[in-house]
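See below for the structure under consideration.
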Amino acid sequence: MTAAVSMSPVPGLPATLRAEFATWRRSAVAYLPLGGLAFSLVSIAMFVSSGPGKTWRDVLGYQNLWAMFGGPMLTALLVTTAARIDHGARGGATWYRPVHPAHRHLSRFTALAMRSLLLNVLGAGTPLLVCGLMSSAQRVPLDRAVEVIVVPWLSQLGLLALLLWLARQTSWLMALAGGFVWTVLGVVNAESASWTVLPFTWIDRGVLPVIGTHANGVALEAHSALAAASPWPPTLLGALLAVPFLLLPRLSLAGTRTAKHGMTPPRTASAHGGTARPDAAAEGTGLRPGTPRVVAAVAAMLRGTSLTWLCPGAVGLIAVWLSWHDPDTSVQLFTLLVLPIGTLVLGLVAWSAVRHGWRAVASRSTGTAGPALALTGITVGIAVAVSLVTVLLYLVAGIPVEHAWPLVLTSALVGAMLTTFTLWLGIRTSQAVAVVVGIIGILFGVLVGGTGMQQTLWLVIPYSWANYLDLPRMAVTLPVSVVATALFTFGITRAARKAAGNA
696 MTAAVSMSPV
706 PGLPATLRAE
716 FATWRRSAVA
726 YLPLGGLAFS
736 LVSIAMFVSS
746 GPGKTWRDVL
756 GYQNLWAMFG
766 GPMLTALLVT
776 TAARIDHGAR
786 GGATWYRPVH
796 PAHRHLSRFT
806 ALAMRSLLLN
816 VLGAGTPLLV
826 CGLMSSAQRV
836 PLDRAVEVIV
846 VPWLSQLGLL
856 ALLLWLARQT
866 SWLMALAGGF
876 VWTVLGVVNA
886 ESASWTVLPF
896 TWIDRGVLPV
906 IGTHANGVAL
916 EAHSALAAAS
926 PWPPTLLGAL
936 LAVPFLLLPR
946 LSLAGTRTAK
956 HGMTPPRTAS
966 AHGGTARPDA
976 AAEGTGLRPG
986 TPRVVAAVAA
996 MLRGTSLTWL
1006 CPGAVGLIAV
1016 WLSWHDPDTS
1026 VQLFTLLVLP
1036 IGTLVLGLVA
1046 WSAVRHGWRA
1056 VASRSTGTAG
1066 PALALTGITV
1076 GIAVAVSLVT
1086 VLLYLVAGIP
1096 VEHAWPLVLT
1106 SALVGAMLTT
1116 FTLWLGIRTS
1126 QAVAVVVGII
1136 GILFGVLVGG
1146 TGMQQTLWLV
1156 IPYSWANYLD
1166 LPRMAVTLPV
1176 SVVATALFTF
1186 GITRAARKAA
1196 GNA
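Counted the way the working numbering counts, the sequence shown spans residues 696 to 1198.
Have a look at this one:
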(Lines of atoms letter the chains of each structure in order from A and count residues from 1; the text may use other names and numbers.)
(Lines give C-alpha, C1' and ligand atoms only; values in the text may rest on other atoms or scores of the structure.)
Protein backbone atom coordinates (compact mmCIF):
# COMPACT_ATOMS: atom_id res chain seq x y z
CA MET A 1 0.00 0.00 0.00
CA THR A 2 1.47 3.35 -1.01
CA ALA A 3 1.16 6.49 1.05
CA ALA A 4 -0.25 9.60 -0.59
CA VAL A 5 2.31 12.35 -1.13
CA SER A 6 1.20 15.59 0.51
CA MET A 7 1.65 18.57 -1.76
CA SER A 8 2.32 21.93 -0.18
CA PRO A 9 0.04 24.67 -1.51
CA VAL A 10 1.43 27.02 -4.12
CA PRO A 11 2.03 30.47 -2.50
CA GLY A 12 -0.43 33.12 -3.58
CA LEU A 13 0.29 36.70 -4.49
CA PRO A 14 0.14 38.10 -0.90
CA ALA A 15 2.67 35.52 0.34
CA THR A 16 4.91 36.16 -2.68
CA LEU A 17 4.79 39.90 -2.03
CA ARG A 18 5.77 39.45 1.62
CA ALA A 19 8.64 37.18 0.62
CA GLU A 20 9.85 39.64 -2.02
CA PHE A 21 9.95 42.56 0.40
CA ALA A 22 11.77 40.39 2.94
CA THR A 23 14.30 39.34 0.31
CA TRP A 24 15.68 42.84 -0.19
CA ARG A 25 15.66 43.92 3.44
CA ARG A 26 19.17 45.05 4.49
CA SER A 27 20.47 44.49 0.94
CA ALA A 28 22.09 46.91 -1.51
CA VAL A 29 18.65 47.41 -3.08
CA ALA A 30 17.30 48.65 0.26
CA TYR A 31 20.11 51.19 0.62
CA LEU A 32 20.13 52.47 -2.97
CA PRO A 33 17.40 55.10 -2.35
CA LEU A 34 20.00 56.87 -0.20
CA GLY A 35 21.63 57.72 -3.52
CA GLY A 36 18.72 60.11 -4.04
CA LEU A 37 19.51 61.75 -0.72
CA ALA A 38 23.19 62.11 -1.68
CA PHE A 39 22.17 63.65 -5.02
CA SER A 40 19.83 66.09 -3.32
CA LEU A 41 22.46 67.24 -0.81
CA VAL A 42 24.90 68.07 -3.60
CA SER A 43 22.09 69.82 -5.49
CA ILE A 44 21.26 71.89 -2.40
CA ALA A 45 24.92 72.90 -2.02
CA MET A 46 25.05 74.03 -5.65
CA PHE A 47 21.77 75.92 -5.27
CA VAL A 48 23.02 77.78 -2.21
CA SER A 49 26.39 78.55 -3.83
CA SER A 50 24.70 80.23 -6.80
CA GLY A 51 23.74 83.25 -4.67
CA PRO A 52 20.72 84.83 -2.92
CA GLY A 53 17.51 86.32 -4.22
CA LYS A 54 15.80 83.19 -5.54
CA THR A 55 12.12 82.25 -5.49
CA TRP A 56 10.34 78.91 -5.30
CA ARG A 57 10.32 78.74 -9.09
CA ASP A 58 14.12 78.74 -9.02
CA VAL A 59 13.98 75.89 -6.51
CA LEU A 60 11.84 73.92 -8.95
CA GLY A 61 14.19 74.75 -11.82
CA TYR A 62 17.05 73.07 -9.97
CA GLN A 63 15.05 69.83 -10.08
CA ASN A 64 15.71 69.56 -13.82
CA LEU A 65 18.85 67.43 -13.53
CA TRP A 66 17.15 65.04 -11.13
CA ALA A 67 14.01 64.70 -13.25
CA MET A 68 15.80 64.39 -16.58
CA PHE A 69 18.68 62.11 -15.64
CA GLY A 70 19.33 61.42 -11.96
CA GLY A 71 15.94 59.90 -11.10
CA PRO A 72 15.56 57.68 -14.20
CA MET A 73 19.15 56.40 -13.98
CA LEU A 74 18.96 55.59 -10.27
CA THR A 75 15.64 53.83 -10.89
CA ALA A 76 17.37 51.82 -13.62
CA LEU A 77 20.12 51.07 -11.12
CA LEU A 78 17.56 49.71 -8.67
CA VAL A 79 16.42 47.18 -11.26
CA THR A 80 19.86 46.15 -12.41
CA THR A 81 21.22 45.82 -8.87
CA ALA A 82 18.36 43.50 -7.95
CA ALA A 83 18.96 41.50 -11.13
CA ARG A 84 22.71 41.23 -10.45
CA ILE A 85 22.19 40.06 -6.86
CA ASP A 86 19.48 37.62 -7.94
CA HIS A 87 21.68 36.20 -10.69
CA GLY A 88 24.68 35.84 -8.38
CA ALA A 89 22.60 34.10 -5.71
CA ARG A 90 20.79 31.95 -8.31
CA GLY A 91 17.50 33.37 -7.13
CA GLY A 92 18.12 32.23 -3.56
CA ALA A 93 16.50 28.92 -4.63
CA THR A 94 13.25 30.70 -5.54
CA TRP A 95 13.70 29.81 -9.21
CA TYR A 96 13.02 26.20 -8.27
CA ARG A 97 10.11 26.78 -5.88
CA PRO A 98 6.47 26.21 -6.89
CA VAL A 99 5.69 29.91 -7.28
CA HIS A 100 3.60 31.24 -10.13
CA PRO A 101 5.95 33.17 -12.49
CA ALA A 102 3.46 36.02 -12.88
CA HIS A 103 3.23 36.42 -9.10
CA ARG A 104 7.01 36.45 -8.76
CA HIS A 105 7.41 39.03 -11.52
CA LEU A 106 4.65 41.30 -10.19
CA SER A 107 6.05 41.05 -6.66
CA ARG A 108 9.51 42.06 -7.85
CA PHE A 109 8.02 45.01 -9.74
CA THR A 110 5.99 46.12 -6.71
CA ALA A 111 8.96 45.94 -4.33
CA LEU A 112 11.15 47.94 -6.69
CA ALA A 113 8.38 50.45 -7.43
CA MET A 114 8.04 51.23 -3.70
CA ARG A 115 11.77 51.81 -3.45
CA SER A 116 11.63 53.97 -6.56
CA LEU A 117 9.00 56.07 -4.78
CA LEU A 118 11.31 56.44 -1.78
CA LEU A 119 14.12 57.35 -4.16
CA ASN A 120 12.06 60.18 -5.65
CA VAL A 121 10.91 61.37 -2.23
CA LEU A 122 14.52 61.71 -1.08
CA GLY A 123 15.90 62.99 -4.37
CA ALA A 124 13.19 65.53 -5.19
CA GLY A 125 11.55 66.17 -1.83
CA THR A 126 14.65 66.94 0.24
CA PRO A 127 15.67 70.06 -1.75
CA LEU A 128 12.11 71.37 -1.63
CA LEU A 129 12.02 70.93 2.15
CA VAL A 130 15.47 72.31 2.93
CA CYS A 131 15.36 75.24 0.50
CA GLY A 132 11.85 76.11 1.63
CA LEU A 133 13.05 76.47 5.21
CA MET A 134 15.69 79.00 4.17
CA SER A 135 13.26 81.63 2.95
CA SER A 136 9.51 82.02 2.63
CA ALA A 137 10.01 83.16 -0.98
CA GLN A 138 11.53 79.73 -1.73
CA ARG A 139 8.71 77.70 -0.17
CA VAL A 140 7.21 75.62 -2.97
CA PRO A 141 3.38 75.36 -2.91
CA LEU A 142 2.21 72.01 -1.54
CA ASP A 143 0.36 70.88 -4.67
CA ARG A 144 3.38 71.62 -6.88
CA ALA A 145 5.71 69.89 -4.41
CA VAL A 146 3.59 66.73 -4.51
CA GLU A 147 3.61 66.81 -8.32
CA VAL A 148 7.42 67.13 -8.39
CA ILE A 149 7.62 63.80 -6.54
CA VAL A 150 4.64 61.88 -7.90
CA VAL A 151 4.86 62.80 -11.60
CA PRO A 152 8.45 61.52 -12.14
CA TRP A 153 7.76 58.39 -10.08
CA LEU A 154 4.63 57.40 -12.00
CA SER A 155 6.21 58.12 -15.38
CA GLN A 156 9.24 55.95 -14.47
CA LEU A 157 7.13 52.86 -13.72
CA GLY A 158 7.08 51.92 -17.40
CA LEU A 159 10.86 52.19 -17.60
CA LEU A 160 11.15 50.10 -14.43
CA ALA A 161 9.00 47.30 -15.88
CA LEU A 162 10.83 47.44 -19.21
CA LEU A 163 14.26 47.09 -17.58
CA LEU A 164 13.02 44.37 -15.23
CA TRP A 165 11.85 42.36 -18.23
CA LEU A 166 15.05 43.11 -20.16
CA ALA A 167 17.21 41.99 -17.23
CA ARG A 168 15.39 38.64 -17.21
CA GLN A 169 16.13 38.12 -20.90
CA THR A 170 19.75 39.28 -21.02
CA SER A 171 21.89 40.57 -18.15
CA TRP A 172 21.96 43.38 -15.63
CA LEU A 173 24.64 45.21 -17.62
CA MET A 174 22.53 45.20 -20.80
CA ALA A 175 19.54 46.43 -18.79
CA LEU A 176 21.63 49.28 -17.37
CA ALA A 177 22.80 50.21 -20.87
CA GLY A 178 19.19 50.09 -22.03
CA GLY A 179 18.17 52.42 -19.21
CA PHE A 180 20.89 54.88 -20.15
CA VAL A 181 19.89 54.89 -23.83
CA TRP A 182 16.18 55.23 -22.92
CA THR A 183 16.96 58.16 -20.60
CA VAL A 184 19.12 59.99 -23.16
CA LEU A 185 16.53 59.51 -25.91
CA GLY A 186 13.88 60.85 -23.55
CA VAL A 187 15.83 64.03 -22.85
CA VAL A 188 16.65 64.64 -26.51
CA ASN A 189 13.06 64.14 -27.72
CA ALA A 190 11.06 65.33 -24.70
CA GLU A 191 9.76 68.40 -26.52
CA SER A 192 9.16 66.69 -29.84
CA ALA A 193 5.77 67.23 -31.48
CA SER A 194 5.54 63.44 -31.85
CA TRP A 195 5.97 62.71 -28.12
CA THR A 196 2.71 60.77 -27.96
CA VAL A 197 4.16 57.97 -30.11
CA LEU A 198 7.65 58.05 -28.57
CA PRO A 199 7.44 56.09 -25.29
CA PHE A 200 10.88 57.15 -24.08
CA THR A 201 9.68 60.79 -23.90
CA TRP A 202 6.98 59.96 -21.35
CA ILE A 203 9.45 59.87 -18.45
CA ASP A 204 10.30 63.56 -19.07
CA ARG A 205 7.42 65.22 -20.88
CA GLY A 206 5.09 65.37 -17.88
CA VAL A 207 7.56 66.85 -15.40
CA LEU A 208 8.68 69.78 -17.60
CA PRO A 209 5.56 71.95 -17.01
CA VAL A 210 5.76 71.07 -13.30
CA ILE A 211 9.33 72.29 -12.79
CA GLY A 212 8.96 75.04 -15.40
CA THR A 213 12.01 74.32 -17.57
CA HIS A 214 12.89 72.99 -20.99
CA ALA A 215 14.66 69.64 -21.12
CA ASN A 216 18.03 71.43 -21.20
CA GLY A 217 17.28 73.27 -17.93
CA VAL A 218 16.44 76.68 -19.43
CA ALA A 219 13.31 78.23 -17.90
CA LEU A 220 10.10 77.98 -19.92
CA GLU A 221 8.90 81.18 -21.51
CA ALA A 222 5.61 82.58 -20.21
CA HIS A 223 3.99 82.18 -23.62
CA SER A 224 5.27 78.62 -24.13
CA ALA A 225 2.59 76.01 -24.82
CA LEU A 226 4.51 73.53 -22.66
CA ALA A 227 4.23 75.86 -19.64
CA ALA A 228 0.43 75.56 -19.68
CA ALA A 229 0.32 71.85 -20.62
CA SER A 230 -1.10 69.27 -18.25
CA PRO A 231 1.53 66.88 -16.84
CA TRP A 232 -0.86 63.95 -16.48
CA PRO A 233 -1.32 62.57 -20.03
CA PRO A 234 2.39 61.69 -20.52
CA THR A 235 2.67 60.68 -16.87
CA LEU A 236 -0.18 58.19 -17.12
CA LEU A 237 1.16 56.89 -20.42
CA GLY A 238 4.50 56.27 -18.74
CA ALA A 239 2.80 54.37 -15.92
CA LEU A 240 0.60 52.32 -18.29
CA LEU A 241 3.69 51.32 -20.26
CA ALA A 242 4.45 48.97 -17.38
CA VAL A 243 1.41 46.80 -18.12
CA PRO A 244 2.60 45.08 -21.32
CA PHE A 245 6.03 44.37 -19.87
CA LEU A 246 4.47 42.84 -16.77
CA LEU A 247 2.39 40.57 -19.00
CA LEU A 248 5.13 39.60 -21.47
CA PRO A 249 6.44 36.08 -20.84
CA ARG A 250 10.05 35.16 -20.37
CA LEU A 251 11.50 34.44 -23.82
CA SER A 252 14.32 32.12 -22.78
CA LEU A 253 13.71 28.50 -21.85
CA ALA A 254 12.78 27.70 -18.27
CA GLY A 255 15.85 25.57 -17.67
CA THR A 256 18.37 28.01 -19.06
CA ARG A 257 19.59 29.28 -15.72
CA THR A 258 19.81 25.82 -14.21
CA ALA A 259 21.75 24.49 -17.15
CA LYS A 260 23.99 27.54 -17.19
CA HIS A 261 24.93 27.25 -13.55
CA GLY A 262 24.85 23.49 -13.30
CA MET A 263 27.33 22.70 -16.03
CA THR A 264 30.96 22.05 -15.19
CA PRO A 265 33.71 22.64 -17.72
CA PRO A 266 34.64 19.43 -19.53
CA ARG A 267 38.05 17.96 -19.06
CA THR A 268 40.20 18.38 -22.11
CA ALA A 269 40.89 15.07 -23.82
CA SER A 270 44.40 14.32 -24.91
CA ALA A 271 45.35 12.89 -28.23
CA HIS A 272 45.67 9.44 -26.65
CA GLY A 273 42.14 9.39 -25.32
CA GLY A 274 43.00 10.44 -21.76
CA THR A 275 42.48 13.73 -20.02
CA ALA A 276 44.95 16.55 -20.30
CA ARG A 277 47.00 17.57 -17.28
CA PRO A 278 46.11 20.99 -15.83
CA ASP A 279 49.56 22.31 -16.65
CA ALA A 280 49.59 21.01 -20.21
CA ALA A 281 48.90 24.50 -21.53
CA ALA A 282 52.27 25.59 -20.19
CA GLU A 283 54.14 23.13 -22.37
CA GLY A 284 55.74 24.62 -25.47
CA THR A 285 55.63 28.14 -24.05
CA GLY A 286 59.12 28.17 -22.57
CA LEU A 287 57.70 28.38 -19.04
CA ARG A 288 58.07 25.74 -16.38
CA PRO A 289 54.75 23.91 -15.88
CA GLY A 290 52.89 25.58 -13.04
CA THR A 291 54.64 28.94 -13.45
CA PRO A 292 52.06 31.67 -12.68
CA ARG A 293 51.28 33.91 -15.63
CA VAL A 294 49.30 36.51 -13.77
CA VAL A 295 48.98 39.23 -16.42
CA ALA A 296 48.10 36.72 -19.15
CA ALA A 297 45.50 35.08 -16.91
CA VAL A 298 43.83 38.39 -15.99
CA ALA A 299 43.87 39.50 -19.63
CA ALA A 300 42.25 36.21 -20.64
CA MET A 301 39.44 36.76 -18.14
CA LEU A 302 38.76 40.23 -19.51
CA ARG A 303 38.96 39.11 -23.12
CA GLY A 304 35.54 37.47 -23.07
CA THR A 305 33.71 40.42 -21.48
CA SER A 306 31.65 43.18 -23.03
CA LEU A 307 34.80 45.35 -23.17
CA THR A 308 35.62 43.71 -26.49
CA TRP A 309 32.80 45.66 -28.10
CA LEU A 310 32.24 48.55 -25.66
CA CYS A 311 35.71 50.06 -26.23
CA PRO A 312 35.49 50.04 -30.05
CA GLY A 313 31.89 51.23 -29.71
CA ALA A 314 32.97 54.27 -27.69
CA VAL A 315 35.61 55.16 -30.28
CA GLY A 316 33.08 54.60 -33.05
CA LEU A 317 30.62 56.93 -31.33
CA ILE A 318 33.21 59.69 -31.35
CA ALA A 319 34.03 59.00 -35.00
CA VAL A 320 30.37 59.23 -36.03
CA TRP A 321 29.89 62.38 -33.97
CA LEU A 322 32.92 64.05 -35.57
CA SER A 323 31.63 63.28 -39.05
CA TRP A 324 29.16 66.16 -38.79
CA HIS A 325 30.30 68.27 -35.80
CA ASP A 326 33.16 70.70 -35.45
CA PRO A 327 35.97 68.91 -33.55
CA ASP A 328 37.06 71.99 -31.55
CA THR A 329 33.59 72.55 -30.14
CA SER A 330 32.75 68.87 -29.59
CA VAL A 331 35.66 67.94 -27.31
CA GLN A 332 33.26 68.13 -24.37
CA LEU A 333 31.44 65.05 -25.66
CA PHE A 334 34.56 63.03 -24.92
CA THR A 335 35.84 64.81 -21.81
CA LEU A 336 32.52 65.14 -19.95
CA LEU A 337 30.58 62.09 -21.13
CA VAL A 338 32.45 59.35 -22.97
CA LEU A 339 35.55 59.32 -20.77
CA PRO A 340 33.80 59.41 -17.35
CA ILE A 341 31.12 56.91 -18.39
CA GLY A 342 33.73 54.68 -20.02
CA THR A 343 35.93 54.59 -16.91
CA LEU A 344 32.91 53.77 -14.77
CA VAL A 345 31.87 50.87 -17.00
CA LEU A 346 35.49 49.72 -17.34
CA GLY A 347 35.99 49.40 -13.59
CA LEU A 348 32.65 47.65 -13.08
CA VAL A 349 33.12 45.14 -15.89
CA ALA A 350 36.72 44.37 -14.89
CA TRP A 351 35.83 43.50 -11.31
CA SER A 352 32.69 41.61 -12.37
CA ALA A 353 34.85 39.38 -14.57
CA VAL A 354 37.16 38.26 -11.77
CA ARG A 355 35.41 38.70 -8.43
CA HIS A 356 33.65 35.32 -8.33
CA GLY A 357 36.95 33.49 -8.43
CA TRP A 358 38.90 35.86 -6.21
CA ARG A 359 38.95 33.52 -3.23
CA ALA A 360 40.50 30.83 -5.40
CA VAL A 361 43.06 33.39 -6.59
CA ALA A 362 44.04 34.06 -2.97
CA SER A 363 44.73 30.36 -2.40
CA ARG A 364 47.31 30.24 -5.22
CA SER A 365 51.00 30.94 -4.81
CA THR A 366 50.58 34.38 -6.36
CA GLY A 367 48.33 35.65 -3.57
CA THR A 368 46.07 38.60 -4.34
CA ALA A 369 48.53 41.49 -4.64
CA GLY A 370 49.97 40.44 -8.01
CA PRO A 371 46.60 39.73 -9.68
CA ALA A 372 45.15 42.94 -8.23
CA LEU A 373 48.04 44.98 -9.66
CA ALA A 374 47.67 43.18 -12.99
CA LEU A 375 43.94 43.91 -13.06
CA THR A 376 44.60 47.56 -12.24
CA GLY A 377 47.35 47.88 -14.84
CA ILE A 378 45.27 46.31 -17.60
CA THR A 379 42.18 48.43 -16.92
CA VAL A 380 44.24 51.61 -16.72
CA GLY A 381 46.01 50.58 -19.92
CA ILE A 382 42.66 50.14 -21.67
CA ALA A 383 41.51 53.60 -20.51
CA VAL A 384 44.74 55.23 -21.70
CA ALA A 385 44.67 53.36 -25.04
CA VAL A 386 41.08 54.43 -25.76
CA SER A 387 42.03 58.02 -24.88
CA LEU A 388 44.99 57.98 -27.26
CA VAL A 389 42.96 56.53 -30.12
CA THR A 390 40.24 59.12 -29.51
CA VAL A 391 42.73 61.99 -29.61
CA LEU A 392 44.06 60.62 -32.90
CA LEU A 393 40.51 60.80 -34.24
CA TYR A 394 40.32 64.45 -33.20
CA LEU A 395 43.65 65.11 -34.92
CA VAL A 396 42.40 63.51 -38.12
CA ALA A 397 39.21 65.58 -37.81
CA GLY A 398 41.28 68.75 -37.78
CA ILE A 399 42.17 69.97 -34.29
CA PRO A 400 45.62 71.59 -34.09
CA VAL A 401 48.52 69.65 -32.60
CA GLU A 402 48.97 72.27 -29.89
CA HIS A 403 45.42 71.48 -28.75
CA ALA A 404 45.96 67.72 -28.94
CA TRP A 405 48.75 67.28 -26.40
CA PRO A 406 46.80 68.82 -23.47
CA LEU A 407 43.89 66.55 -24.41
CA VAL A 408 46.20 63.51 -24.43
CA LEU A 409 47.67 64.29 -21.00
CA THR A 410 44.43 65.19 -19.25
CA SER A 411 42.34 62.36 -20.70
CA ALA A 412 45.01 59.73 -19.97
CA LEU A 413 45.80 60.82 -16.41
CA VAL A 414 42.28 61.77 -15.36
CA GLY A 415 40.98 58.59 -17.02
CA ALA A 416 43.49 56.52 -15.05
CA MET A 417 42.40 58.20 -11.81
CA LEU A 418 38.67 57.65 -12.45
CA THR A 419 39.25 54.03 -13.50
CA THR A 420 41.23 53.14 -10.36
CA PHE A 421 38.70 55.00 -8.19
CA THR A 422 35.79 53.00 -9.61
CA LEU A 423 37.71 49.74 -9.32
CA TRP A 424 38.72 50.47 -5.73
CA LEU A 425 35.21 51.54 -4.72
CA GLY A 426 33.63 48.48 -6.37
CA ILE A 427 36.01 46.11 -4.56
CA ARG A 428 35.98 47.92 -1.22
CA THR A 429 32.21 48.44 -0.98
CA SER A 430 30.00 47.09 -3.76
CA GLN A 431 29.30 47.63 -7.42
CA ALA A 432 25.99 49.26 -6.54
CA VAL A 433 27.76 51.93 -4.48
CA ALA A 434 30.30 52.44 -7.27
CA VAL A 435 27.52 52.95 -9.82
CA VAL A 436 25.61 55.41 -7.62
CA VAL A 437 28.75 57.46 -6.92
CA GLY A 438 29.77 57.31 -10.58
CA ILE A 439 26.40 58.42 -11.94
CA ILE A 440 26.12 61.29 -9.47
CA GLY A 441 29.71 62.33 -10.20
CA ILE A 442 29.14 62.26 -13.97
CA LEU A 443 25.93 64.27 -13.67
CA PHE A 444 27.58 67.02 -11.67
CA GLY A 445 30.65 66.84 -13.88
CA VAL A 446 28.46 67.66 -16.87
CA LEU A 447 26.59 70.34 -14.96
CA VAL A 448 29.73 72.06 -13.66
CA GLY A 449 32.11 71.42 -16.55
CA GLY A 450 29.62 72.49 -19.20
CA THR A 451 28.41 75.72 -17.54
CA GLY A 452 29.75 78.84 -15.89
CA MET A 453 29.76 77.10 -12.50
CA GLN A 454 33.15 75.64 -13.40
CA GLN A 455 34.71 78.99 -12.47
CA THR A 456 34.05 78.34 -8.77
CA LEU A 457 33.33 74.60 -8.40
CA TRP A 458 35.73 72.91 -10.84
CA LEU A 459 38.23 71.87 -8.17
CA VAL A 460 35.74 69.73 -6.18
CA ILE A 461 34.29 67.80 -9.16
CA PRO A 462 37.05 65.49 -10.50
CA TYR A 463 34.66 63.99 -13.06
CA SER A 464 34.95 67.25 -15.05
CA TRP A 465 38.74 67.59 -14.85
CA ALA A 466 39.40 66.13 -18.30
CA ASN A 467 37.53 69.11 -19.75
CA TYR A 468 40.01 71.67 -18.42
CA LEU A 469 42.78 71.98 -20.98
CA ASP A 470 44.31 75.28 -19.84
CA LEU A 471 47.75 75.19 -18.20
CA PRO A 472 46.83 76.77 -14.81
CA ARG A 473 44.19 74.11 -14.13
CA MET A 474 46.28 71.31 -15.61
CA ALA A 475 49.02 72.24 -13.15
CA VAL A 476 46.57 71.15 -10.43
CA THR A 477 44.60 68.34 -12.03
CA LEU A 478 47.48 66.35 -13.52
CA PRO A 479 49.66 65.98 -10.39
CA VAL A 480 46.60 65.26 -8.25
CA SER A 481 45.45 62.62 -10.75
CA VAL A 482 48.84 60.89 -10.63
CA VAL A 483 48.93 60.86 -6.82
CA ALA A 484 45.29 59.73 -6.59
CA THR A 485 45.91 56.91 -9.08
CA ALA A 486 48.82 55.66 -6.97
CA LEU A 487 46.77 55.83 -3.77
CA PHE A 488 43.80 54.05 -5.33
CA THR A 489 46.11 51.35 -6.70
CA PHE A 490 47.46 50.76 -3.21
CA GLY A 491 43.89 50.69 -1.92
CA ILE A 492 42.92 48.16 -4.57
CA THR A 493 45.56 45.67 -3.39
CA ARG A 494 44.34 45.95 0.22
CA ALA A 495 40.65 45.81 -0.75
CA ALA A 496 41.29 42.78 -3.00
CA ARG A 497 42.86 40.89 -0.09
CA LYS A 498 39.83 41.60 2.09
CA ALA A 499 37.47 40.67 -0.75
CA ALA A 500 39.14 37.26 -0.99
CA GLY A 501 38.50 36.66 2.69
CA ASN A 502 34.86 37.71 2.40
CA ALA A 503 34.11 35.73 -0.76
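By construction, the Cβ of each residue, glycine as well, lies at the ideal position given by its N, Cα and C atoms. Remember, predicted model here, so these are calculated numbers, not experimental data.
Starting from residue i, trace the alpha helix (DSSP H) both ways and give me its first and last residue.
{"i": "Ser1106", "result": "1096 to 1123"}
{"i": "Val1155", "result": "No alpha helix (DSSP H) holds Val1155; DSSP gives it neither H nor E."}
{"i": "His798", "result": "796 to 815"}
{"i": "Met741", "result": "729 to 744"}
{"i": "Tyr726", "result": "723 to 726"}
{"i": "Leu936", "result": "Run containing Leu936: none; DSSP gives neither H nor E here."}
{"i": "Arg1200", "result": "Because residue 1200 is not part of the residues shown, which for the chain are 696 to 1198, the question remains open."}
{"i": "Thr711", "result": "708 to 718"}
{"i": "Tyr1089", "result": "1064 to 1092"}
{"i": "Trp1160", "result": "Per DSSP, Trp1160 belongs to no alpha helix (DSSP H) and is neither H nor E."}
{"i": "Trp1016", "result": "1002 to 1017"}
{"i": "Arg752", "result": "751 to 756"}
{"i": "Phe1139", "result": "1126 to 1144"}
Of the residues the options, which one's Cα is nearest the Cα of residue i?
{"i": "Thr1030", "options": "Val1049, Leu1068, Tyr1089", "result": "Tyr1089"}
{"i": "Ile898", "options": "Cys826, Leu857, Pro929, Leu1164", "result": "Pro929"}
{"i": "Ala1111", "options": "Ala1161, Met829, Leu1138, Glu886", "result": "Ala1161"}
{"i": "Ala762", "options": "Thr1074, Pro1157, Val843", "result": "Val843"}
{"i": "Trp751", "options": "Thr891, Gln851, Ala914", "result": "Ala914"}
{"i": "Val835", "options": "Gly907, Thr775, Thr896", "result": "Gly907"}
{"i": "Val879", "options": "Asn911, Thr1180, Gly1011", "result": "Asn911"}
{"i": "Pro796", "options": "Met1148, Ala1067, Val816, Leu942", "result": "Leu942"}
{"i": "Pro822", "options": "Phe804, Val841, Gly1196", "result": "Val841"}
{"i": "Ala714", "options": "Ile739, Gly1186, Ser802, Lys749", "result": "Ser802"}
{"i": "Leu1118", "options": "Gly881, Leu932, Val1040, Gly999", "result": "Val1040"}
{"i": "Val1103", "options": "Thr1151, Val1084, Met768", "result": "Val1084"}
{"i": "Glu1097", "options": "Leu729, Leu1164, Met869, Thr805", "result": "Leu1164"}
{"i": "Val876", "options": "Ala778, Asp838, Leu859, Phe764", "result": "Phe764"}
{"i": "Gly1136", "options": "Ala920, Pro1022, Leu1154, Leu868", "result": "Leu1154"}
{"i": "Phe940", "options": "Gly881, His1020, Ser1176, Leu858", "result": "Leu858"}
{"i": "Gly820", "options": "Ala806, Ala832, Ala808, Asp838", "result": "Asp838"}
{"i": "Val774", "options": "Pro793, Arg810, Gln758, Ala1129", "result": "Arg810"}
{"i": "Pro1095", "options": "Asp1023, Thr1114, Val1132, Phe1139", "result": "Asp1023"}
{"i": "Thr730", "options": "Trp1053, Ala870, Ala1127", "result": "Going by the sequence as given, residue 730 is Gly instead of Thr. The shortest C-alpha separation from Gly730 is found at Ala1127."}
Give every residue of the same chain whose Cβ lies closer than 8 Å to the Cβ of residue i, excluding the five residues on either side of it in the sequence, and list them in chain order.
{"i": "Trp1016", "result": "Ser1025, Leu1028"}
{"i": "Asn884", "result": "Trp890, Leu893, Phe895, Thr896"}
{"i": "Ile1073", "result": "Val990, Val993, Ala994, Leu997, Ala1045"}
Can you list, in chain order, the residues of its chain whose CB lies under 6 Å from that of residue i, leaving out five sequence neighbours each side?
{"i": "Pro847", "result": "Ala762, Gly766, Asn815, Val902"}
{"i": "Val1141", "result": "Leu1031"}
{"i": "Ala934", "result": "Leu849, Leu852"}
Who are the near neighbours of residue i in its chain, counting only those whose CB is closer than 7 Å to its CB and skipping five residues on each side?
{"i": "Pro1101", "result": "Leu1164, Met1169"}
- Task: Note down, one range per segment and in chain order, each alpha helix (DSSP H) of at least 4 residues found wholly within the region 820 to 857.
- Result: 821 to 829
- Entirely enclosed alpha helix (DSSP H) segments - the region 852 to 914, minimum 4 residues: 867 to 884, 897 to 900, 903 to 906
- Message: I'd like the ranges of any alpha helix (DSSP H) spanning at least 4 consecutive residues and lying wholly in the region 1022 to 1056.
- Response: 1034 to 1049
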